[in-house]
Every structure is written in C-alpha cells, then in structure tokens.
Amino acid sequence: MDYFISSDFNLKDNVCQYFDTYQCFHTKEHSLQVAKESQKLAQKFHVDMDKCYQAALLHDISAVISPQKMMDIALSHQWEIDPAEKKYPFLLHQRISALIAQTVFKIEDQDILSAIACHTTLKKNASDIDMVVFLADKIKWDQKGEPPYLHVIQKGLDISLKKASYMFLDEQLKNQRILYPHQWLKEAYDDLKK
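Here the sequence shown is numbered in the numbering used here, starting from 58 and rising by one per residue.
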C-alpha cells in the first residue's frame, strides 16, 4: 500500500487518481455515485454531509486488493475473523477500506472510519452516518440496472434511516439474498428490530 497522496489534498481527486492507478474504473464510478447519494440522504436526514461524503468516497477503496490479500492483511493485524469473512474473504473489504482510509488517506475521524468499516453489513448501534453510507451503497449498487430491493429502501426512507436500514436487512434475510450472514449484520438486524 505504498501509494503517493498529493500534498495538495483534495479527497475526491486523490480517490479518483488512486482508482485510476489500479485501473478500477468501475469501482471509481460506483464510489462517486455512492458519495453523491450519501450527500442527498445526509441532507434529508440532517446528518453531517461532509463526513458522509468522505466515507462514501472511500468505502470501497480496498477494491484494488485481492480477497486473499485482504485475508492476509486481516490476519497480520490479528483481527477476529467472522465465519462469513472466512468463507467469503471479500467481506473483509469494508474493514480493509477503513484501514486504507486511515493509513493512506490519513483519515482520523472515527465517524468516517466507522461508516466505511460497516458499509456492507452495518452493525449494532449504528450511527446516522453509518446508516447513510450503508443505504447509499445499496441504492447505488455496483451492478447493472436497478436494485431489486430499491422500493423497500425508498419506502423505509419515507420514515427514517433506521426504518430503511431495518426494512432492507429484513428483505434481504427473508428472501435469502445473503449467502452467509455476517455477525455484524445479524446484530444490526436484531438491534433495529427493537
């Protein structure tokens, strides 16, 4: 992860340059769309727009690393590995992205790092910033076409970030769209269910 960051620090430009260097053009476009969506959600729900934007720009910054290398990094940091991460090492990308945001992009704000680190699974006691980035990532998914669950999120967003997060997780679990639920996801679901 020896990557040069311009001293004339502009996060968006540096993130774009980073993805371009590794020819991750699809992930760059996805990240820009998620960042824009996170600003809309943040504004609607009176959440810190700048923090949401930064977290969204960086949420998939680890896409430049192979899943096996992600596992190597996690083990070298002696992280506790969830069974879902053992089976699908790509799930580590949320925590690896937070690590890169901190070490390469010099992000120190814990709110931003938290949102990056749980953007795929969410987690128990999620903050509004966590939920904004989580939902923005689902709304602007990295597949072609419209997400099949989009109407569920939009219906929830008519009420609150918590309701939208809960309804999304509920829909995913009930329709068995998640192959192997991560413990953080299960805890987030149980927490929001209350």
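All C-beta atoms, glycine included, are put in the ideal place defined by N, C-alpha and C.
What you are looking at is a predicted structure, and each value in this text was computed from that prediction instead of being measured.
Any idea if residue i is buried or exposed, counting beta-carbon neighbours within 10 angstroms, 16 or more meaning buried?
i: residue 133; result: exposed
i: residue 236; result: exposed
i: residue 63; result: Confidence is the limiting factor: at residue 63 the pLDDT is only 41, short of 50, which leaves the residue's position unreliable, though a coordinate-based value still follows. Residue 63 should be labelled exposed.
i: residue 119; result: buried
i: residue 65; result: Legend: pLDDT at residue 65 = 45, less than 50; position of this residue unreliable, no value from coordinates given.
i: residue 94; result: buried
i: residue 146; result: buried
i: residue 247; result: exposed
i: residue 85; result: buried
i: residue 88; result: buried
i: residue 231; result: exposed
i: residue 67; result: exposed
i: residue 213; result: buried
i: residue 208; result: exposed
i: residue 107; result: exposed
i: residue 150; result: buried
i: residue 154; result: buried
With H, G and I counted as helix, E and B as strand and the rest as coil, what does DSSP make of residue i?
i: residue 234; result: coil
i: residue 67; result: coil
i: residue 177; result: coil
i: residue 60; result: Interpretation of residue 60 is limited by its pLDDT of 42, a score under 50 that renders its predicted location unreliable; the figure taken from the coordinates is listed afterwards. Coil at residue 60, not helix or strand.
i: residue 246; result: helix
i: residue 204; result: coil
i: residue 133; result: helix
i: residue 90; result: helix
i: residue 187; result: helix
i: residue 198; result: coil
i: residue 83; result: helix
i: residue 145; result: coil
i: residue 108; result: helix
i: residue 227; result: helix
i: residue 77; result: helix
i: residue 161; result: coil
i: residue 251; result: coil
Of the choices the options, whose alpha-carbon is the least far from that of residue i?
i: residue 173; options: 224, 121, 112; result: 112
i: residue 234; options: 189, 178, 135; result: 178
i: residue 199; options: 162, 212, 92; result: 92
i: residue 152; options: 166, 211, 136; result: 136
i: residue 182; options: 103, 104, 109, 250; result: 250
i: residue 121; options: 142, 205, 157; result: 157
i: residue 97; options: 245, 241, 170, 188; result: 188
i: residue 125; options: 166, 117, 142; result: 142
i: residue 115; options: 159, 202, 243; result: 159
i: residue 190; options: 129, 144, 102, 239; result: 102
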